[in-house]
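For the sequence shown, the positions run -6 to 179 when the working numbering is used. All C-beta atoms in this analysis are idealised placements derived from N, C-alpha and C, irrespective of residue type, glycine included. Remember, it's a predicted structure, so these values are computed and weren't measured experimentally. What follows is a short report on a single structure.
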Amino acid sequence: MRVVAGEYRGRKLSAVPGMATRPTTDKVKEAVFNIIGPYFDKGVSLDLFAGSGGLSIEGVSRGIDRAVLVDRQLAAIKTIKKNIAATKHDDKFDVYKLDANRALYMLQSKGERFDLIYLDPPYAKQQIVANLAKMVELNLINPGAIVVAETNQEANLPDELPGFSFKRRQDYGITVVTVYRYDGKE
């Protein structure tokens, strides 16, 4: 794995050891950023199931100001911190070892709001619609924010979600990338 483009382009990233985490391939990562826009002009991102941290590091490399990364596995947190160290910009990243639900409440208590959200949960534990509903309830998403959901073929995410516009769905083998834009509370 590597950073595909931007300030950190070409830097190698480590994968989380073991089989509990499935890293986003460079091909899918590059496709995600081609879909949502190759570069950003500021903003804050949230990766609720961060794994190796590759998506967030790519986003910061491409212009996101700050990334918040959450994972519940200690091995993932160690890998994220190692990968962030490769950027030499630790100050642009906040890393939390929490489960997704607890993290959302903690982020609300800190007054966080996000412009780009990555949701790539373990395929067997996909609760993306519920996660998004909770983020809306807790006022964590800025209007106009982009949501990138990475799932398997069985997920069947809906085209219509309250407060969101469906933008695109693309298949990459067993991986499906679905993109929404947050329009605001209905």
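Leu112 is positioned such that its CB atom lies no closer than 8 Å to that of Phe26. Within the same chain, no Cβ atom closer than 6 Å to the Cβ of Leu67 is found once the five residues on either side in sequence are excluded. Per DSSP, the continuous alpha helix (DSSP H) segment holding Ala68 begins and ends at Leu67 to Ala78. Minimum Cα-Cα distance from Met99 among the listed residues Phe86, Ile110 and Met128 corresponds to Met128. By the C-beta density criterion, Ser45 is buried, having at least 16 other C-beta atoms within 10 angstroms. Contact annotation: the segment 82 to 99 touches the segment 52 to 70, with at least three C-beta pairs closer than 8 Å. Taking every protein chain shown into account, the CB of Arg95 has fewer than 16 other CB atoms within 10 angstroms, so this residue is exposed. According to the DSSP assignment, Glu130 belongs to the alpha helix (DSSP H) that extends over Ile121 to Glu130.
With 16 or more neighbouring CB atoms inside 10 Å of its own CB, Asp64 falls in the buried class.
Of the residues assessed, Glu147 falls on the exposed side of the cut-off, its CB having fewer than 16 other CB atoms within 10 angstroms.
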